[in-house]
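Novice: In the order they appear, the protein sequences are chains A and B. Residue 47 in this note's numbering sits at position 27 of the first sequence; the count goes up by one each step and never skips. Residue 12 in this note's numbering sits at position 9 of the second sequence; the count goes up by one each step and never skips.
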Amino acid sequence: MEDRILLAHGSGGRLAHELVETTFVKALANPLLAKLDDAATFDLGGKLAFTTDSYVVSPLFFPGGDIGKLAVCGTVNDLAMTGAKPLYLSLSFIIEEGLSRRDLARVVDSIRRVAGEAGVEIVTGDTKVVNRGSADGLFINTAGIGIIAEGVSISGSNARPGDRVILSGTIGDHGIAVLSQREGLSFATRLESDCAPLGKLVAGMLAVSRNIHCLRDPTRGGLATTLNELAAQSKVGIRIEEDRVPVREEVLAAGEMLGLDPLYIANEGKLVAIVPPEDAGGILEAVRANKYGKEAAIIGEVTAEHPGRVVMKTSLGTSRIVDMLVGDPLPRIC
Amino acid sequence: MKFITEFRRPELARGLLSQIQSQSRTKARFMEFCGGHTVTIFRYGIRQALPRTLEMVSGPGCPVCVTASADLDKAIALSRVPGVIITTFGDMLRVPGSRSSLEKAKAEGADVRMVYSTIDALRIASDNPDRSVVFLGIGFETTAPTVAASVLRARERGIKNYYVLSLHKLCPPAIRAILDSGEVRLDGLICPGHVSTVIGAHPWESVAHDYHIPGVISGFEPLDILQAVSMLVAQVERGEARVEIAYRRGVRPEGNPEALRVMERVFETGPARWRGLGEIAESGLKIRGEYQEFDAERAFNIVPEPAREPEGCLCGEILRGVKMPLDCSLFGKACTPEHPVGPCMVSSEGSCAAYYLYGGSLGG
């Protein structure tokens, strides 16, 4: 039987990694791509960060955001995760025939507002319209560039044993907010997506210390997948404590109802920072001083033991492995 | 009251654990029937926290895992019938049948849609009057009533293109089959929580009586499990064999009479094939003749190729509690969550997936 791409290959979990590594990285190999950080960084007179991403969210509008806000924040955050100051974005729209003009205008207005907040400009773009059924309302592709200050060197491969792991706030808000609006599942919740641009939060952290080892935003695949990526890239172990990971009661409840673990649910306005222990206190304060980092916490540390593995101390005091997401989390039967 | 955090409070857990430590003298092996309990036990590392006198084994309570290959093949074959839309709960998608899975059939063009309830499946049927919409009726007593209700509603609304492939299974006959086989000695049962919300405590009481084995119906939070273990230990130490309900916020002794009535109206019991346990009499739910126009078995004459079980896969033995996931030579090598060989590695409630994801060596 012919091997085909499954939906699960797009989930951001292990199947997606396998696809990227065996199909794209292998064929298109170069040292910049091979680093597999959120954005590529290179020197062109100054040090630059460059990234791209596509957005295919259903529904297009959800509590706390929409596809336009998501597109800008996602790209701004990918740039910020290299320590860059995000500057310019491109936006490409793939529009399904029949999309309402009003919805498109709402998306563009939302893009304008969040780009203003993030301090980035949309400097180029493209529009395609495809037949009904060839897209789901609206897809957006973005690219972005930013500039990295002297002395900043952030990569997923820089974590060292003894480093502290900072999480900028509660996990799972975005994934559950979107699920709560999805056709066939709508449940009432006050929860809003955490979708937010984190460029200024990162700038605040760098103002305290340039010695930040890793930054990553735990989007699809959730906190668990991000920590696993960092552990694998840096060839270190990571140990976190369940009780220190902030989770909203609503997220816990929805997760229980659907059989989904908040550790694997997407976030769009959170970051994980891995920093040397002596700078951890100051950096944590800087995160908390930003409106998107008020609930930040140190959730664990980097270890020399169990390289490539993430281990969690549960609230009962026992330990267990936290693995990477495999495919999309599937709601269970009972 | 907060229904989640209140049942995860570490200081209460420590109290229960020290109570279990001081109570437990006799060596005992308990089976948690339900996959949801298995997940809690692994997520919180409960096995490593229990005294050495106590051993926990996982039972067959994962609906996806116990679905026979032949039945999966039938569902996959149905998905390839022109004009058919398959509607299913999410965790069925990735389960391998003999040769394919619904997820792969979907990538090849089959119309397979994940739904969260049978009401969605009914809506798809009324939105697509020229298509045949088949709902895969997988699950235990927990989900069967909602499937029965969908059949009643389809009749009420005159929806003619809605069908159910009923592969529903009943839990008490499976427990009896495991106890009858004598393959694994059990000293106590953690009875399923949400199954018991529907059927109540009485069916377990006859099991406890017939096999002289204590049972406690438990909820799904770590404190629920620890309380259930503590109650089982107390019974073992006193030589008792009663059924107790630890999950009082979810289960009444008589169950849910309305759900039972709806189930009874639409379904009748019959033999069912269980992966690992084989055919068990009176352990399945078939659609009654009175509602046969909704029965996918009758509406579509599907004869899939003979089923084959994956070579070397120990899911069957693992579901019976005879073998542990780590005993399987495929575990973690040929069989991983991204490339599952057997169903126990697919479902989030399967023992192999729980071992793999939460670390059998650490968490077990």
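Note that the Cβ used here is the ideal one computed from N, Cα and C, for glycine as well. What you are looking at is a predicted structure, and each value in this text was computed from that prediction instead of being measured.
1) What is the residue span of the alpha helix (DSSP H) that G345(B) lies within?
2) Which residue comes first and which comes last in the beta strand (DSSP E) that contains R116(B)?
3) If I measure Cβ to Cβ from L111(A) and keep anything under 6 Å in the same chain, skipping five residues before and after, which residues do I get?
4) For the alpha helix (DSSP H) containing Y358(B), name the first residue and the last one.
5) Using a Cβ-Cβ cut-off of 6 Å (strictly less than) and excluding sequence neighbours within five positions of M21(A), which residues of its own chain qualify?
6) Alpha carbon to alpha carbon, how far is I7(B) from D193(A)?
7) Starting from D74(B), follow the beta strand (DSSP E) in both directions and report where the run begins and ends.
8) Can you pull out the residues from the segment 45-71 of chain B whose beta carbon lies closer than 8 Å to at least one beta carbon of chain A?
9) I want to know whether the segment 64-78 of chain B touches the segment 309-317 of chain B - three or more CB-CB distances under 8 Å.
10) Between which two residues does the beta strand (DSSP E) containing N356(A) stretch?
11) Under three-state DSSP, which class holds E296(B)?
12) What runs of the beta strand (DSSP E), each 3 residues or longer, lie entirely inside the segment 250-326 of chain B?
13) Under 7 Å: does the beta carbon of E106(B) sit that close to some heavy atom of the ligand MN?
14) Contact between the segment 238-248 of chain B and the segment 123-130 of chain B is defined here as three or more beta-carbon pairs at a separation below 8 Å; is this criterion met?
15) Around the Cβ of G171(A), are there at least 16 other Cβ atoms within 10 angstroms (buried) or fewer (exposed)?
16) Count the other CB atoms, across all protein chains shown, that sit within 10 Å of the CB of P238(A); report buried if there are 16 or more and exposed otherwise.
17) Is C234(A) helix, strand or coil when you go by DSSP?
18) List the residues of chain A whose Cβ lies closer than 7 Å to the Cβ of G362(B), in chain order.
19) Which residues in the same chain as L15(B) place their Cβ atom closer than 6 Å to its Cβ, once the five residues preceding and following it in sequence are excluded?
20) What's the C-alpha gap between G142(B) and R329(A)?
21) If you draw a straight line from the alpha carbon of M327(B) to that of F45(B), how long is it in whole angstroms?
22) For chain A, is any of its Cβ atoms less than 8 Å away from the one on R11(B)?
23) Can you check whether the C-beta of E38(A) is within less than 8 Å of a C-beta belonging to chain B?
24) Applying the 10 Å Cβ sphere with the 16-neighbour rule, what's the burial state of S25(B)?
25) Could you tell me whether any Cβ in chain B is nearer than 8 Å to the Cβ of M21(A)?
26) Please name the residue, chosen from G242(A), L235(A), L80(A) and M332(A), that lies closest to M101(A) on a Cα-to-Cα basis.
27) DSSP on D23(A), reduced to helix/strand/coil?
28) Can you tell me which of L360(B), G324(B), V325(B) and R323(B) puts its alpha carbon nearest to the alpha carbon of C338(B)?
29) Assess, as a yes-or-no matter, whether the segment 218-233 of chain B is touched by the segment 245-254 of chain B under the definition of 3 or more beta carbon pairs within less than 8 Å.
30) Under the rule that 16 or more other beta-carbon atoms within 10 Å means buried, what is S78(A), buried or exposed?
31) Return the Cβ separation of V134(A) and K89(A) in integer angstroms, given the expectation that the two are a contact with Cβ distance under 8 Å.
32) Shorter than 8 Å from the beta carbon of G195(A) to some beta carbon of chain B?
33) Check whether the segment 249-257 of chain A and the segment 198-218 of chain A are in contact - that is, three or more C-beta pairs closer than 8 Å.
34) With DSSP as the reference, label R340(A) as helix, strand or coil.
35) With DSSP collapsed to three states, give me the class of R184(A).
36) Could you pull out every residue in the same chain whose Cβ sits closer than 8 Å to the Cβ of L35(A), ignoring the five residues on either side in sequence?
Specialist: Answer, in terms of the structure:
1) Run containing G345(B): none; DSSP gives neither H nor E here.
2) D114 to M117
3) I142, G145 and T162
4) S354 to Y361
5) Low confidence applies here, because M21(A) scores a pLDDT of 43, under 50, leaving its location unreliable; read the following figure in that light. The answer is none, since no qualifying residue turns up.
6) 17 Å
7) Segment S72 to S82 is the alpha helix (DSSP H) holding D74(B); no beta strand (DSSP E) there.
8) F45, R46, Y47, G48, I49, Q51, A52, P66 and V67
9) yes
10) With chain A covering only 21 through 354, there is no way to say anything about residue 356(A).
11) helix
12) 270-277 and 281-290
13) Because no ligand of any kind appears in the structure shown, any question about the ligand MN cannot be addressed here.
14) no
15) exposed
16) buried
17) strand
18) R340 and I341
19) L226
20) 34 Å
21) 14 Å
22) yes
23) yes
24) exposed
25) Only weak support is given to the placement of M21(A): the predicted model assigns it a pLDDT of 43, under 50, and the question is left unresolved by the model.
26) L235(A)
27) coil
28) L360(B)
29) yes
30) exposed
31) 5 Å
32) no
33) no
34) strand
35) strand
36) L26, A28, H29, V346 and G347
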